[in-house]
Amino acid sequence: MRQDIVLQEPGGPYLRSGQVAEQAGVNPQTLRYYERRGLIAEPARSPGGHRAYPPETVTLLTVIKAAQRLGFTLEEVAELIDTGRRAHPTPDLRARAQDKIAEVDAKIADLTTIRSALTAVVSAGCDSLTHCTCPGCPLPFADLAEGRPSKENRS
């Protein structure tokens, strides 16, 4: 019997928790957490009481982690998996992916604004968040810290 197989049943070989976690690139606590959340099925038990996962669990965990890297929350992943388990086509994934694209675009816009502000700080030579001495400081914080209205509010 191979070392990575816990038990053999009509359905095929089964893997222990540590083996599944290692192959999927997660830790065993993540595996148990996903079980509690219903993302993966509770495994069978070996005669010795060890959790015995089917090899497909590794694939499912890999899919879950990939979906999270795409920006889906664990709750969204759970809903998408549940929808997929119903075995009929649904536009749900496509609609959710379009929503994620909109979220990513908004984050990119925010990050672009942040980058521009930080570039202005570097270019101006700012030396303090609250008491900057650079001429024409682009940071509104220095004025606010001293109780003066910010440059945008001086009219």
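The working numbering puts the sequence shown at residues 126 to 280. For every residue, glycine included, the Cβ atom is placed at its ideal position computed from N, Cα and C.
{"query": "What does the alpha-carbon distance come out to for the pair Ser-280 and Thr-187?", "result": "Reliability fails at Ser-280, whose pLDDT of 48 lies under 50, so the model's placement of it is uncertain and the value that follows must be treated cautiously. Roughly 57 Å separates the two Cα atoms."}
{"query": "Would you kindly report the start and end of the unbroken alpha helix (DSSP H) that includes Arg-219?", "result": "217-249"}
{"query": "Would you tell me roughly how many angstroms separate the C-alpha atoms of Arg-316 and Lys-232, rounded to the nearest one?", "result": "Since the first residue shown for the chain is 126 and the last is 280, residue 316 is missing from the structure and cannot be characterised."}
{"query": "Give me the residue from Ala-220, Glu-147 and Ser-171 with the minimum Cα distance to Pro-138.", "result": "Ser-171"}
{"query": "Applying the criterion that 16 or more other CB atoms from any shown protein chain within 10 Å of the CB defines a buried residue, is Arg-221 buried or exposed?", "result": "buried"}
{"query": "His-175: which of Arg-240, Arg-141, Asp-252 and Gly-150 sits nearest, CA to CA?", "result": "Arg-141"}
{"query": "Please classify Gly-143 as buried or exposed, where buried requires at least 16 other C-beta atoms within 10 Å of its C-beta.", "result": "exposed"}
{"query": "Does the distance from the CB of Asp-202 to the CB of Ala-192 come in under 9 Å?", "result": "It should be pointed out that residue 202 corresponds to Val in this sequence rather than to Asp. Yes; because the gap between Cβ atoms is below 9 Å, this pair is in contact."}
{"query": "Taking Leu-185 and Ile-165 to be in contact with their CB atoms under 8 Å, please state how far apart those CB atoms are, rounded to whole angstroms.", "result": "6 Å"}
{"query": "Assign Val-145 to buried or exposed, taking buried as 16 or more other Cβ atoms, counted over all protein chains shown, within 10 Å of its Cβ.", "result": "buried"}
{"query": "What are the start and end residues of the alpha helix (DSSP H) that includes Pro-153?", "result": "153-162"}
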